[in-house]
Amino acid sequence: MYARQVKSTLLTFGVSGKLIMNGLVMYDDETDTLWSQVLGEAVRGPLNGTALEVIPSTQTTWATWRELHPDTLVLDKNGGYRSDPYARYYTNKDTGILGETNKDRRLYIKEYVIGVSVGQRSKAYPFSVLNDIPVVNDVVGGRPVLVVFDPESATGIVYDRTVSGRTLDFSLLTIGSGPDFLIQDEETGSRWRALTGEAIDGELAGASLVQLPSTYVFWFGWTDYHPDTELFNG
Amino acid sequence: MYAAIIELNIKKWVFRLVMAVMVVFFGFLILKGTGLFRKTEILETNFQTTNLQQVKMVTVLSKDGIRAIKSPTFETVSESIEEMRDSEQVIGVSINGDHRAYPINILSVHEIVDDVVGGVPVAVTW
Chain A
11 MYARQVKSTL
21 LTFGVSGKLI
31 MNGLVMYDDE
41 TDTLWSQVLG
51 EAVRGPLNGT
61 ALEVIPSTQT
71 TWATWRELHP
81 DTLVLDKNGG
91 YRSDPYARYY
101 TNKDTGILGE
111 TNKDRRLYIK
121 EYVIGVSVGQ
131 RSKAYPFSVL
141 NDIPVVNDVV
151 GGRPVLVVFD
161 PESATGIVYD
171 RTVSGRTLDF
181 SLLTIGSGPD
191 FLIQDEETGS
201 RWRALTGEAI
211 DGELAGASLV
221 QLPSTYVFWF
231 GWTDYHPDTE
241 LFNG
Chain X
552 MYAAIIELNI
562 KKWVFRLVMA
572 VMVVFFGFLI
582 LKGTGLFRKT
592 EILETNFQTT
602 NLQQVKMVTV
612 LSKDGIRAIK
622 SPTFETVSES
632 IEEMRDSEQV
642 IGVSINGDHR
652 AYPINILSVH
662 EIVDDVVGGV
672 PVAVTW
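Protein chains in written order, with this note's numbering: chain A, 11 to 244; chain X, 552 to 677.
Take a look at the structure:
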């Protein structure tokens, strides 16, 4: 998800019909610049060299999102969109329309990972490992990160685990879907909702962790765009 | 008699010409379907978010062959009861207390939604 305001220009994006390594290339109505949707960076045109501001978002199930945010809005289906046209693609062996560019066999091509990149550094957290280790304290590109994962809904969220200048270390309290997934920081013993990043009691009650952008993606897609990626092994 | 033979010969060659044109035409369509004729460009890149110096850009469809949603409309949870299934995938975002979900079923078809969430203009991309 990207901010559409770039300096003084508000951009409206459309689908150019071009691909870079299976990733969409967007155009904007205002300047006709072409943008990599995966990276959020311009590749050709008047705004070449510009990187869009990334806004964190979460891929999850409707039930989980609704439980976390009961006042949520949802994009209107207008009676249609009853299925996902890619349903079969998720489980077959096709690597996009164009195939792979950078083959990295540390994982199976269509293993799901949560990908995080900070500057030019990147790290992938496989769902298969997060299933067993749902709370991960790590450092990516020099930034202390917290990765939480709800195995039931396959919801992975990444936060910066620095609060008011202090780096916190988290451990699992109770695993659950939605608001019941609770973690605790070792420094103050405060309890936090893992899937919203809010502290609900303790010294830090009321504080919020800043969510970092992350990508829910197949391993082969992640390694095409981040050939030097680190891999979390547990 | 010769006139009849010549006429038959002409018809034979016209027939062969038509067949040849059809073979070339369908052959072209088949090859086009395999992607051999897609326009491909090499771009020199200097990305901030990854270390790739060069990428290949392939034209697969015409501009707006897939139509992004540029004027999205929304429902509340109760308004969407009939249309949303618990287990279906969504992309969720929260900005300034404004929470919105974008079903993957819709994003798979339209790829991009241009929206304003919590006062911030955003592009939801898939």
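All C-beta atoms, glycine included, are put in the ideal place defined by N, C-alpha and C.
- Inspect the beta-carbon positions of Pro66 (chain A) and Pro223 (chain A) and report whether they are closer than 8 Å. yes
- Message: Just to make sure I have the definition right: I need the residues of chain A whose C-beta is within less than 7 Å of the C-beta of Phe598 (chain X). Which are they?
- Response: Simply Leu49 and Glu51.
- Message: Just to confirm before moving on: does the CB-CB distance between Phe230 (chain A) and Thr105 (chain A) stay below 8 Å?
- Response: yes
- Message: Suppose you measure from the CA of Leu49 (chain A) to the CA of Val145 (chain A); what does that come to, to the nearest Å?
- Response: 26 Å
- Message: I'd like to check one pair, Ala674 (chain X) with Arg171 (chain A): are the Cβ atoms closer than 8 Å?
- Response: Going by C-beta atoms, Arg171 (chain A) is not nearer than 8 Å to Ala674 (chain X).
- Whole-angstrom distance between Gln69 (chain A) and Gln640 (chain X), CA atom to CA atom: It is roughly 7 Å from the alpha-carbon of Gln640 (chain X) to the alpha-carbon of Gln69 (chain A).
- Query: Thinking C-beta only, is Asn647 (chain X) closer than 8 Å to Gly670 (chain X)?
  - Reply: yes
- Item | Identity of the residue in A:Tyr118, A:Leu214 and A:Val157 nearest Ile124 (chain A) by Cα | A:Val157
- Message: Helix, strand or coil, according to DSSP, for Lys562 (chain X) in the structure here?
- Response: Collapsing the DSSP output to three states places Lys562 (chain X) in a helix.
- Buried or exposed (CB count within 10 angstroms, at least 16 for buried), Leu178 (chain A): buried
- Task: Note down the Cα distance separating Arg54 (chain A) from Leu34 (chain A), rounded to an integer number of angstroms.
- Result: 14 Å
- Item | CB of Leu108 (chain A) within 8 Å of CB of Pro136 (chain A), strictly | no
- Distance, Ala164 (chain A) Cα to Glu595 (chain X) Cα: Their backbone Cα atoms lie some 37 Å apart in a straight line.
- Task: Take Lys590 (chain X) as the anchor and find which of X:Asn656, X:Gln604, X:Ser613 and X:Val660 has the nearest alpha-carbon.
- Result: X:Ser613
- C-alpha gap between Asp86 (chain A) and Phe23 (chain A), whole angstroms: 19 Å
- Touch check for the segment 69-85 of chain A and the segment 629-636 of chain X: three-plus C-beta pairs under 8 Å? yes
- Kindly identify the DSSP beta-bridge partner or partners of Arg54 (chain A). A:Leu44
- Query: How many Å lie between Gly244 (chain A) and Asn141 (chain A) at the Cα?
  - Reply: 10 Å
- Query: Looking at the unbroken beta strand (DSSP E) that takes in Val157 (chain A), where does it start and where does it end?
  - Reply: Arg153 to Asp160
- Query: Arg153 (chain A) to Arg176 (chain A), Cα distance in whole Å?
  - Reply: When only Cα atoms are considered, Arg153 (chain A) and Arg176 (chain A) end up about 12 Å apart.
- Query: Near Arg618 (chain X), which residues of its chain fall below 7 Å by C-beta distance, leaving aside the five closest residues on each side in sequence?
  - Reply: His661
- Query: Can you tell me the Cα-Cα spacing of Asp195 (chain A) and Phe180 (chain A), whole angstroms?
  - Reply: 4 Å
- Task: Please confirm if Arg567 (chain X) has its CB atom under 8 Å from at least one CB of chain A.
- Result: no
- With 8 Å as the threshold, decide whether the Cβ of Val158 (chain A) is near any Cβ in chain X. It does not: the Cβ of Val158 (chain A) has no partner Cβ on chain X nearer than 8 Å.
- Message: Let me check understanding here. Comparing Cα to Cα, which of A:Ser174, A:Gly151, A:Ala134 and A:Asp39 lies closest to Gly166 (chain A)?
- Response: A:Ala134
- Item | From A:Ser127, A:Arg201, A:Tyr226 and A:Asn58, residue whose alpha carbon lies closest to that of Gly216 (chain A) | Nearest C-alpha to Gly216 (chain A): A:Arg201.
- Query: Leaving out the 5 sequence neighbours to the left and right, which residues in its chain are closer than 7 Å to Leu78 (chain A) when beta-carbon positions are compared?
  - Reply: Gly188, Pro189, Leu205 and Thr206
- As assigned by DSSP and simplified to three states, the class of Thr101 (chain A): helix
- Reference Ser629 (chain X), options A:Asp81, A:Asp94 and A:Pro161, closest by Cα: Closest option to Ser629 (chain X), judged by alpha-carbon separation, among A:Asp81, A:Asp94 and A:Pro161: A:Asp81.
- Message: I want to see whether chain X comes within less than 8 Å of Pro144 (chain A), judged by CB atoms only; does it?
- Response: no
- Message: 8 Å is my cut-off, CB to CB: does Gln194 (chain A) come that close to chain X?
- Response: no
- Message: With a threshold of 8 Å between beta-carbons, can Ile107 (chain A) be considered close to chain X, or not?
- Response: yes
- Task: Rank X:Thr601, X:Thr610, X:Lys562 and X:Val565 by C-alpha distance to the C-alpha of Leu44 (chain A) and give the top, closest one.
- Result: X:Thr610
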